[in-house]
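S.K.: Below is one structure. I have some questions about it.
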Amino acid sequence: MKRKSTRAIFPGSFDPITNGHLDVINRGIKLFDELVVAVGRSPVKNQLFTPEERVEMIAELIADIPGVSVESFDGLTVEYAAKKKADAILRGLRSLTDVQYEFKLAMTNRSVAGIETVFVMTSEQYGFTSSTLIREVASLGGNVSNLIPKNVYARLQQRLKSVTRDP
Ligand code: ADP
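Taking our numbering, I'd label the letters of the sequence shown as residues 2 to 168.
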């Protein structure tokens, strides 16, 4: 009998996508037949890239990974997961602090929608990588080139140039 194919969504802000997120995607697609990277459209604090720009950057990065796609979504993650007929939500873990927050989120999502969350732990080298820190460090002129993919770094440079040029 043919095995039912499995699908997960990987929701997040991805502002911008980092090498840590990519690591989670590469690990996640080994567990599921299909993985949809889902960029939340709800406004993030100190947003640097629009949801469209975030989707574009991710699309460039996953083009060669079979089974992985990207789109943006509005509203509740669990409603989006149901719409996509996802079997699970994929999330990444960096530290025990992540576990505390993610545990609450996963329990809430399971109790309101009955959906399971599957966690993968990132490579040690990305344990301290976060989009928020990348935005902060980059805006102060720090070098974040080894924490984000090349296409993201190029866009980040461009964006910060135009931000500092604006009055
Ligand atoms: P959110 O705003 O929903 O936390 P993020 O884009 O910050 O969205 O993160 C999406 C997911 O990726 C979360 O599960 C987060 O823990 C995970 N993640 C973020 N950075 C890393 C990293 N460096 N390594 C592993 N997982 C990460």
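C-beta atoms are modelled at their ideal positions from N, C-alpha and C, and glycine is treated no differently.
1. Distance check for Glu-53 and Leu-161, CA to CA, integer angstroms please.
2. Rounded to a whole number of angstroms, what is the C-alpha to C-alpha distance between Thr-98 and Asn-110?
3. Which residues share a DSSP beta bridge with Phe-11?
4. Could you tell me the boundaries of the alpha helix (DSSP H) in which Val-100 lies?
5. Are there 16 or more other CB atoms within 10 angstroms of the CB of Gly-29, so buried, or fewer, so exposed?
6. By DSSP, does Leu-197 sit in helix, in strand, or in coil?
7. Could you give the residue range of the alpha helix (DSSP H) that holds Thr-118?
8. Kindly examine the ligand ADP and report whether one of its heavy atoms sits closer than 6 Å to the Cβ of Arg-95.
9. Confirm the yes/no value for this check: CB of Ser-132, any heavy atom of the ligand ADP, distance under 6 Å.
M.R.: Taking the definition as stated:
1. Just so you know, the alpha carbons of Leu-161 and Glu-53 end up roughly 18 Å apart.
2. Their Cα atoms are separated by approximately 19 Å.
3. DSSP lists Val-38 as the beta-bridge partner residues of Phe-11.
4. Element bounds for Val-100: 97-114.
5. Label assigned to Gly-29: buried.
6. Outside the displayed span of the chain (2 to 168) sits residue 197, for which this structure offers no information.
7. Taken as a continuous stretch (DSSP letters only), Thr-118 belongs to no alpha helix (DSSP H), being part of the beta strand (DSSP E) at 117-122.
8. Yes, the Cβ of Arg-95 comes within 6 Å of a heavy atom of the ligand ADP.
9. Flag set: Cβ of Ser-132 near the ligand ADP.
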